[in-house]
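Protein chains in written order, with my numbering: chain A, 1 to 275; chain B, 1 to 146; chain C, 1 to 339; chain D, 1 to 327.
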């Protein structure tokens with residue numbers, strides 16, 4: 001009998017990193033120590049604990065990482081609560097990769113890139129950022145604007161400080177929502193920060209964050225003169241199958257799990273506003 | 001000692017109210033009164049805490065009989081809880097019977113904290129009744145069978 | 001053309017069920033239903049079954065796999081088994097088309113092997129509709145109830161039943177059935193002619209789907225959805241009796257000695273269908289109602305070369321508790337829209 | 001009748017007394033009538049309908065509609081009126097926001113019941129003096145309404161309106177010789193094996209569409225226990241006969257003492273499961289054990305399950321009462 005996409009493979013959690021009070025990053029390999037499967041930046045996988053639930057998460061590690069896969073997961077529901085309680089050595093099930101990916105090998109090639117992320121929205125973009133860093137020659141400048149509620153809520157803070165900020169040709173702009181002791185960086189919401197920074201409009205933009213942030217960021221970008229064709233985002237809706245058959249993650253005629261999760265903004269705008 | 005394989009040992013779930021029946025079960029224990037080990041006691045704050053769903057779930061998970069024990073009417077720690085439980089359980093048992101599910105598999109008994117003897121004899125009697133009925137077949141969930 | 005006397009049908013059923021599992025539509029207290037044939041069972045006189053035959057390819061619940069848990073370890077157990085050959089007898093033209101609609105979902109990449117397994121092992125004997133009813137509107141979707149598709153087409157003409165194999169699978173099924181004898185084509189022509197005559201008189205025979213399958217945003221933003229969905233109860237009747245509704249849910253059941261992961265039909269009409277930890281993109285019944293009809297009339301055809309995800313079987317017309325259905329939706333949405 | 005109701009609705013809408021009207025709307029065919037909310041005189045004139053086919057109970061819609069600005073006019077058949085009264089008792093509908101017009105009712109029919117008589121391909125139904133003229137693709141039929149009444153109307157329990165602001169037509173009385181418990185009694189008299197087989201046959205047809213729950217005027221929980229993943233018993237489709245039984249036992253139990261026996265659950269069931277039998281069993285037991293009680297008869301009545309007396313029967317009455325024992 002053929003392979004069935006709904007039947008997962010086993011993964012072992014080999015490392016758990018506490019990123020913020022409600023975000024942890026889990027490193028997953030197969031029981032024999034390999035990466036569960038190959039993927040492209042922006043693609044997702046179905047992670048599950050049998051008996052607890054199954055849900056779609058974006059793969060936050062870069063495809064250029066050949067050893068393992070990472071998932072940054074925010075605690076917000078039944079399954080994620082469970083995942084946050086588990087210890088190293090726990091088995092999970094994974095299936096994927098699902099969905100499309102950021103066009104890193106086509107449209108984004110040779111472009112100056114601007115990444116805009118809010119909160120846990122950095123998770124899918126981290127995969128792209130690290131992919132671009134690994135294939136540095138293929139891309140122009142890399143700018144990253146990242147904001148969260150507070151300093152403690154910045155995901156991957158040590159990687160940002162130690163790797164991204166120190167790398168030539170990558171500039172990182174951090175912001176937090178409210179003043180905080182020990183923070184001398186920028187304070188304010190991401191959309192406003194984007195306007196303040198006034199990036200060149202030759203850049204291609206990749207946005208991910210809470211829906212409300214995406215909405216205002218897009219307005220800000222338009223004010224600055226960006227067109228919708230320059231902006232990519234990634235979506236999330238409730239999913240069960242991951243392969244466009246269970247029928248719940250559609251936005252109009254497009255399925256987020258199959259035709260998405262990455263959408264160019266002009267394409268998304270042509271779909272009903274139901275997300 | 002090796003059990004005879006084909007001897008049927010029913011699984012019994014007993015919901016006991018914290019204030020009377022659970023203490024009654026305790027007393028039965030301290031007095032070394034014998035009652036079958038197949039009875040699994042679940043302590044509840046009051047007999048009226050027992051939702052019909054608890055009983056159905058017990059059957060789903062493999063119970064062959066479910067018994068609810070509470071304070072005698074008039075003695076409820078919360079004054080009236082067992083009066084409500086009495087009405088609810090009467091109706092529920094009647095409905096189970098209506099659907100053709102053996103009515104002898106469910107029972108409600110009043111056991112006070114001082115009635116260790118009654119607790120033991122009630123359980124002995126209930127286990128005997130259910131043993132005679134045999135395995136729960138009409139309200140079983142096949143998926144839960146090994 | 002092969003034929004058999006209606007009175008001898010039991011002989012045919014016995015012969016078919018001796019070789020393969022056979023399902024025929026038969027009467028129950030809840031209306032006609034496809035049931036595994038047992039000796040003595042009679043073919044229903046009802047036009048169609050309450051539940052559609054999609055059950056046989058895509059059952060309401062099916063176990064996908066088992067898990068064994070031990071400490072931190074998990075083991076996946078593939079419980080799939082090769083399905084036995086089976087025959088579905090007496091499938092109406094609309095329902096035969098519904099399999100094509102389902103195929104496009106389940107047999108497109110990545111293929112759903114659970115569905116494919118059953119689909120490959122099923123042989124469909126379709127049956128022409130001698131007495132279509134007022135709720136029928138298969139012609140709206142270019143389905144011809146006088147010429148049903150399938151592996152074998154069958155026709156009831158007077159007191160005889162005629163069979164015409166349409167595929168290799170069908171010819172194979174009829175091969176060596178000694179109870180069948182050669183028959184002429186004339187009675188079948190007569191039967192078809194009668195059907196066409198009645199068909200032209202059906203009240204919904206003029207219903208057209210031409211306006212649909214396009215203009216997504218216009219239909220989506222129509223102000224008629226409020227009124228149409230007002231009385232909707234949010235139950236799943238329409239989706240569960242529908243031969244083309246295929247949404248499903250995947251759930252885990254803890255048996256106490258392992259986990260069973262199963263899938264079951266789900267309905268876009270249910271409030272928790274799209275509910276996530278942080279909210280629900282379809283807030284009220286209006287959005288859910290709209291999703292169902294937009295999917296059938298616009299989204300699905302947009303993704304599938306204009307094939308509609310409705311076959312005009314009329315089940316939702318007769319079963320909706322509040323009598324709101326796709327015909328009313330099509331007529332209302334189509335009002336005032338230019339061709 | 002229909003014209004009087006239309007007149008009343010238009011009058012109240014125009015005077016501003018009510019902001020909307022809950023009634024029945026014409027369908028694609030003469031029989032597929034949809035409950036509807038009318039907000040303008042034109043809509044009422046064009047689409048409002050009332051006849052022997054207007055089966056749906058409108059009361060539950062008030063939970064939603066009466067929360068809107070202004071009063072809602074609702075037309076109530078006697079059994080719908082019991083449902084409203086119960087909803088008011090349970091504070092699910094606020095009396096002041098409702099303008100209730102009671103309408104007399106001599107029993108309703110519907111397409112299912114007519115079709116079960118073998119009448120198929122219905123193209124037109126007209127009603128004249130209690131007789132339905134049914135035109136079909138295959139010939140015409142004349143059927144008196146009383147021959148195709150729904151079960152709940154055959155066993156009508158009351159023609160009285162426990163709650164109304166005004167009446168159109170005559171007020172009736174409780175029906176004394178109502179035989180609605182006869183079938184329950186018949187089943188009670190069977191052996192447990194027969195009862196088990198009977199209900200297995202009925203309940204195994206359930207497709208878990210939830211129509212019975214969603215239509216029930218007593219089921220007004222914001223979130224049903226069967227939809228709540230955290231409840232541990234949430235289920236979308238019964239995977240096992242146990243789950244079928246559980247759903248129906250619990251559904252009936254949750255409305256025990258509150259069910260007005262309006263019969264909507266059985267009406268909407270696409271699989272013709274006689275769900276009212278379960279509800280009636282509870283009502284019958286309540287009547288026999290705790291005294292006659294009719295949910296919705298008076299606003300503010302205390303339901304038998306939120307009440308008790310010190311001398312209530314013990315549950316073992318179940319073992320002693322009626323029915324044959326295990327063979």
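Note that the Cβ used here is the ideal one computed from N, Cα and C, for glycine as well.
Within the same chain, 109 come within 6 Å of residue 138(A) by CB-CB distance, once the 5 residues on both sides are set aside. At a cut-off of 8 Å between beta-carbon atoms, residue 289(C) makes no contact with chain B. Counting C-beta atoms within 10 angstroms of its own C-beta, residue 165(A) has fewer than 16 neighbours from the protein chains shown and is therefore classed as exposed. Around residue 93(B), the same chain offers 103 and 106 as residues with beta carbons nearer than 7 Å, after the five sequence neighbours per side are excluded.
Chain order gives the chain C residues near residue 28(D) as 327 and 328, where near means a beta carbon separation below 7 Å. Of the candidates 66(C), 88(C) and 53(C), the residue whose Cα lies closest to the Cα of residue 21(C) is 88(C).
By a beta-carbon distance limit of 8 Å, residue 144(B) does not contact residue 85(B). Their separation comes to about 27 Å. Residue 272(D) places its beta carbon 8 Å or farther from that of residue 252(D). Here the stretch 71 to 78 of chain D makes no contact with the stretch 134 to 143 of chain D; the two share fewer than three CB pairs at distances below 8 Å.
Beyond the five residues adjoining it in sequence on each side, residue 114(D) comes within less than 6 Å, by CB distance, of 148 in the same chain, given in chain order. Scanning chain B for C-beta atoms nearer than 9 Å to the C-beta of residue 260(C) yields 143, reported in chain order.
At least one CB of chain C lies nearer than 8 Å to the CB of residue 61(B). Contact residues of the stretch 303 to 333 of chain C toward chain A are 303 (C-beta to C-beta distance below 8 Å).
Runs of the alpha helix (DSSP H) lying entirely within the stretch 175 to 213 of chain D and spanning at least 4 residues, in chain order: 182 to 188 and 192 to 203. Taking the C-beta atoms as reference points, residue 287(D) is found no nearer than 8 Å to residue 89(D). Counted as a single uninterrupted DSSP element, the stretch harbouring residue 165(D) is not any beta strand (DSSP E), since DSSP gives it neither H nor E. In this structure, DSSP gives residue 276(D) a helical state, which the three-state scheme calls helix.
Here residue 38(C) is exposed: its Cβ has fewer than 16 other Cβ atoms, across all protein chains shown, within 10 Å. Residue pairing by DSSP leaves residue 175(C) without any beta bridge partner. By the beta-carbon neighbour count (other beta carbons within 10 angstroms, threshold 16), residue 23(D) is buried. Annotation for residue 108(C): no alpha helix (DSSP H) segment contains it, and DSSP assigns it neither H nor E. By the neighbour-count criterion, in which 16 or more other beta carbons inside 10 Å mark a residue as buried, residue 80(A) falls on the buried side.
Counting only runs of at least 4 residues, the stretch 13 to 91 of chain D fully encloses the following alpha helix (DSSP H) elements, listed from N- to C-terminal order: 41 to 47, 61 to 65 and 78 to 89. Under the 10 Å beta carbon count, residue 98(A) is surrounded by 16 or more other beta carbons and is classified as buried. Note that the C-beta distance between residue 247(D) and residue 234(D) is not below 8 Å. Nearest to residue 85(C) by alpha-carbon distance, out of 29(C), 17(C) and 6(C), is 17(C).
Cβ-Cβ separation between residue 127(B) and residue 66(B): approximately 12 Å, too far for a contact (criterion under 8 Å). Using a Cβ-Cβ cut-off of 8 Å, residue 95(A) does not count as an interface residue toward chain C, since no Cβ of chain C sits closer than that to its own.
Around the beta-carbon of residue 37(B), fewer than 16 other beta-carbon atoms lie within 10 Å, marking it exposed. The Cβ atoms of residue 128(A) and residue 72(A) do not sit closer than 8 Å to each other. For the pair residue 104(C) and residue 304(C), the Cα-to-Cα distance works out to about 8 Å.
Around the beta-carbon of residue 249(C), 16 or more other beta-carbon atoms lie within 10 Å, marking it buried. Short of 6 Å from the beta carbon of residue 241(A), and not among the five residues preceding or following it, lies no beta carbon of its own chain. When the alpha-carbon of residue 61(B) is set against those of 197(C), 258(C) and 325(C), the nearest one is in 258(C). Going by DSSP, residue 262(C) is part of the beta strand (DSSP E) stretching over 259 to 265. Straight-line spacing of the CA atoms in residue 54(C) and residue 191(C) works out to 27 Å.
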